[in-house]
Each structure stands twice: as structure tokens, then as C-alpha cells.
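Colleague: Using this note's numbering, the letters of the sequence shown correspond one by one to residues 1400 to 1731. Encoded as C-alpha cells, here's the structure I'll be asking about.
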Amino acid sequence: MATITDNARSQILAAMSVLMQRRADTPDPAEKTVITGSLEEMNAQLDRLEEAELLDAAASIASASDALERAIGAAKLRPFDNFLKDAQESLKHLGQIGGDMHMIESLPSADTAGEVITPVTAPSTRPSPTVPAGGLPALSTNTTFAEVATQCGAWYAACNVRPERMSNVDFYVSRLFKFKPTYESVGADLNGIPWQFVGIVHGMEAGFDFSRHLHNGDPLTDRTRQVPAGRPATGNPPFTWRASAVDALMLKGLHQVPSWPLARVIYELERYNGFGYRARALPTPYLWSFTNLYEKGKYVRDHEFDPEAVSKQCGAAAILKGLEEKGEGIDK
1400 MATITDNARS QILAAMSVLM QRRADTPDPA EKTVITGSLE EMNAQLDRLE EAELLDAAAS
1460 IASASDALER AIGAAKLRPF DNFLKDAQES LKHLGQIGGD MHMIESLPSA DTAGEVITPV
1520 TAPSTRPSPT VPAGGLPALS TNTTFAEVAT QCGAWYAACN VRPERMSNVD FYVSRLFKFK
1580 PTYESVGADL NGIPWQFVGI VHGMEAGFDF SRHLHNGDPL TDRTRQVPAG RPATGNPPFT
1640 WRASAVDALM LKGLHQVPSW PLARVIYELE RYNGFGYRAR ALPTPYLWSF TNLYEKGKYV
1700 RDHEFDPEAV SKQCGAAAIL KGLEEKGEGI DK
């Protein structure tokens, strides 16, 4: 944590140096004002990095990046002006560091292919003491949508974001809105996959870093190495984010899903990571982390499960709740 945070501080300071030089050079008063505001925001984020948890540190990096983007947008460029090149280089590095921070807490695949799991015959219907008194449908070991659709809807209806995690959810929602046009474009080209789904997967798998594969967060400079390995199978690296995203979504057959009600979105998000938690009758943190329906237990590496480990990544259902609060939820 210390090393990556120190790197983040160094990159923010480097970006601030670029902005301070730009403020000294530009004759435009309006641009100077924007740069001053951006510098103040970036300095505030430096202070927040000192004792922040990793996910909060990633949010600080994102806020610093937003401030830098505002300064870039206000720039009145002249011939032979190197500001844009230098600022965009800093922006790229900040995005990669934010992605690195998310990747540290990201959940490995819960695909159980080749894994021996003792079947659970009496799954709990009460994963947490804060579940409503009426209880919930038991977690089924079935993995087809028809068999678990009602269950997906009921669990989502019963889930609430833990109050102490609301700021983390708000951060995810802010990133989704920022990149919404990109997610909409990809989803529209694949038979109407909801932009919310594309964006949530991008956040979960790659920390909103557009230099990483949507499959699993591996760098676009090569084919994927983690599960699923060797993707995309065609073409040559480095891959564009869009090409890899289309490959990832089609690999899961998501372009063939006929409709996307809320229960289907919940189901496909769980399927994207894998159904390994169902085999253990446990709520998957990929969905329910940061909500009242999840407490502990997670895969710490591919095919390696730790019943005491606690996910520090925001769950997809929590993000959906945040989108719902902003009027961008999925129709039931």
C-alpha cells in the first residue's frame, strides 16, 4: 500500500508541476483561474492520501485526474505548446495508478472449473443479522437464470448499502456517469447490453482503467493471463479497450441475452465472476460486498477460497443501488 500510495503522490505532484508551469506561462486570466482551482483540488487530494484506505485512495486519484482534465479543457493552446502532451501523459499515469489500486482489492474469478467443492445441503437463508425479519430465499446451487431469477430479485430488494460505505458507492457511480457514453456505445453495438452493466464490470474488473482488459483487468499490452487466459484470441496486442471489451462481453454470450430486467442484470453480473460462492451457499461479494447481505468469505486467488477473508471491493449490487438513487437504475 505504501509504495503504490507514494507513487500516486509523486504522479499528482508531477501533474501539479505541469499545471503550475502552465499557469505561469499562459496570458489568459480565465485559464489561470481554472488552473488555480485544479491545483487546489489536487492539493486537497494529496492530503487525503495520507491515511486513506486503498479504495478511498483510488477515489482521490480519480478526483485529482478530474481536476487535471478541467485544466486541460480550459487550455488555450498555441503553436509548439507542449502543455497538452505533458498533461495528458500525467493523466494517463494517474489513471493507471488508480486502476492498480483497484486491482489490489479486485475479486479473482469464482469459476469453479476443475475445483473440488463439498456440496452444501442446507444453505443459509440468513447471511447477515441485518436481513429483514421475513428472511430470504435460500441460495440455490442452481446456475440457470430460470431457476434463480426470483431469488436474484428478492435478494436485491432486501439489500441495503452499509452507511459507512456510501462514499465508496458514490465514487463508483460518479465514474459510471463520467464514462457513460463509452459504455452506452459498446452496449448498443451488442444487442442492447445496458450501459450500467458494461460500466459496473469495467469498475469491478479494471478499476475504470481504459488500459486494461474488461475480461479481468490484465494490461491491454498483451493477451489476458488470468482467467480467462489468452483473450482476445484473434488480433495482435496491444489491444484497444473497445476491442477487448467486445470480446469479453461476447465470450460470455451477453450479446445473445434477449432482455435485461433487473433480475437478469443481477444474474449476469454474478455469472461474469463465476458461481463458486453458490456451491458454498454463500452470498458472492462480487454482488453483495458493502451491503447488509455480505460479511465474509471470498476467493483470494483463482480456485483458492478463504472463508474468513473479507472483500474490500464494492459489490455490483451496491453500485446498482447507488445508480437507482440517482434515477439511473435498471427497470424491474
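From the three backbone atoms N, C-alpha and C, an ideal C-beta is built for every residue, glycine too.
Please list the terminal residues of the continuous alpha helix (DSSP H) segment that includes Lys1491.
Modeller: Start and end: Phe1482 to Glu1504.
Colleague: Output needed for Gln1444: all residues of its chain with C-beta closer than 7 Å, excluding positions within five of it in sequence on either side, in chain order.
Modeller: Closer than 7 Å at the Cβ level, and outside the excluded window around Gln1444, lie Ile1411, Ser1459, Ser1462 and Ala1463.
Colleague: Based on the DSSP output, what are the partners of Asp1705 in its beta bridges?
Modeller: Its beta-bridge partners are Lys1697.
Colleague: Which residue marks the beginning of the alpha helix (DSSP H) containing Trp1473, and which one marks its end?
Modeller: It should be pointed out that residue 1473 corresponds to Ala in this sequence rather than to Trp. Note, Ala1473: alpha helix (DSSP H), Leu1453 to Ala1473.
Colleague: At the level of alpha carbons, what is the spacing between Gly1606 and Ala1509?
Modeller: The straight-line gap from Cα to Cα measures roughly 18 Å.
Colleague: Quick check on DSSP: helix, strand or coil for Pro1562?
Modeller: Helix, per DSSP.
Colleague: How about the region 1474-1483 and the region 1422-1439: do they share at least three Cβ pairs that are nearer than 8 Å?
Modeller: With the cut-off at 8 Å, the region 1474-1483 and the region 1422-1439 touch.
Colleague: What does the alpha-carbon distance come out to for the pair Glu1641 and Val1626?
Modeller: In the sequence as presented, Glu is not what sits at residue 1641; that position holds Arg. Each residue's alpha carbon lies about 19 Å from the other.
Colleague: On a Cα-Cα basis, can you pick out the residue from Asp1405, Pro1618, Pro1536 and Leu1467 that is closest to Met1415?
Modeller: With distances taken between Cα atoms, Met1415 lies closest to Leu1467.
Colleague: I think Val1572 touches Ile1729, with their Cβ atoms under 8 Å apart; what is that distance to the nearest whole Å?
Modeller: No, Val1572 and Ile1729 are not in contact; Cβ-Cβ is about 14 Å, not under 8 Å.
Colleague: Going by the beta-carbon positions, is the gap between Asn1691 and Thr1683 smaller than 8 Å?
Modeller: Going by C-beta atoms, Asn1691 is not nearer than 8 Å to Thr1683.
Colleague: Suppose the cutoff is 8 Å on Cβ atoms and the five residues either side in sequence are ignored; what does the same chain contact list for Gln1655 look like?
Modeller: Taken in chain order, the residues that qualify are Asn1590.
Colleague: Is it true that the CB of Gly1494 sits closer than 8 Å to the CB of Phe1570?
Modeller: No.
Colleague: Where do the N-terminal and C-terminal ends of the alpha helix (DSSP H) with Phe1609 fall, by residue?
Modeller: Careful: Phe1609 lies outside any alpha helix (DSSP H) and carries neither H nor E.
Colleague: Determine whether the beta carbon atoms of Val1568 and Phe1689 lie at a separation below 8 Å.
Modeller: In contact: Val1568 and Phe1689 (Cβ atoms closer than 8 Å).
Colleague: Using the beta-carbon count (16 or more within 10 Å), is Met1419 buried or exposed?
Modeller: Counting Cβ neighbours within 10 Å, Met1419 comes out exposed, since fewer than 16 surround it.
Colleague: Could you compute how far the alpha carbon of Ala1532 sits from the alpha carbon of Ala1457?
Modeller: Interpretation of Ala1532 is limited by its pLDDT of 49, a score under 50 that renders its predicted location unreliable; no figure is taken from the coordinates.
Colleague: Per DSSP, what are the beta-bridge partners of Pro1684 in this structure?
Modeller: Bridge partners of Pro1684: none, in fact.
Colleague: Over the uninterrupted alpha helix (DSSP H) stretch that includes Cys1551, give me the two end residues.
Modeller: Its alpha helix (DSSP H) spans residues Phe1544 to Ala1557.
Colleague: Looking at the secondary structure, which residues open and close the alpha helix (DSSP H) in which Glu1724 lies?
Modeller: From DSSP, the alpha helix (DSSP H) with Glu1724 extends over Ala1715 to Glu1724.
Colleague: From Arg1564 to Ala1545, what does the alpha carbon distance come to, in whole angstroms?
Modeller: Their backbone Cα atoms lie some 32 Å apart in a straight line.
Colleague: I'd like the span of the alpha helix (DSSP H) that includes Trp1640, first residue to last.
Modeller: Residues Trp1640 to Leu1650.
Colleague: Any idea what DSSP makes of Thr1690, helix, strand or coil?
Modeller: Strand.
Colleague: One question on the structure: do Arg1447 and Ile1434 come within less than 8 Å of each other, judged by their Cβ atoms?
Modeller: Not closer than 8 Å, so no.
Colleague: Going by the DSSP bridge assignment, what does Pro1593 pair with across the sheet?
Modeller: DSSP output for Pro1593 lists no bridge partner at all.
Colleague: Going by DSSP, name the residue or residues bridged to Pro1618.
Modeller: In DSSP, Pro1618 forms a bridge with Arg1611.
Colleague: Would DSSP call Ile1665 helix, strand or coil?
Modeller: Three-state DSSP puts Ile1665 in a helix.
Colleague: Determine, using beta carbons only, whether Pro1507 and Arg1630 come nearer to each other than 8 Å.
Modeller: No. Outside cutoff.
Colleague: Give the range of the alpha helix (DSSP H) segment to which Thr1581 is assigned.
Modeller: Note, Thr1581: alpha helix (DSSP H), Lys1579 to Asp1588.
Colleague: Classify Tyr1671 as helix, strand or coil using the three-state DSSP reduction.
Modeller: The answer is helix: DSSP assigns Tyr1671 an H, G or I state.
Colleague: With DSSP collapsed to three states, give me the class of Arg1679.
Modeller: Reduced to three states, the DSSP call for Arg1679 is helix.
Colleague: Report buried or exposed for Pro1580, applying the criterion of at least 16 other Cβ atoms within 10 angstroms of its Cβ.
Modeller: Pro1580 should be labelled exposed.
Colleague: Assign Thr1432 to one of two classes, buried (16 or more other C-beta atoms within 10 Å of its C-beta) or exposed (fewer than that).
Modeller: Classification for Thr1432: exposed.
Colleague: Can you check which of these residues, Gln1550, Glu1449 and Ser1409, is closest to Val1664 by C-alpha distance?
Modeller: If we check each option's Cα against that of Val1664, Gln1550 comes out closest.
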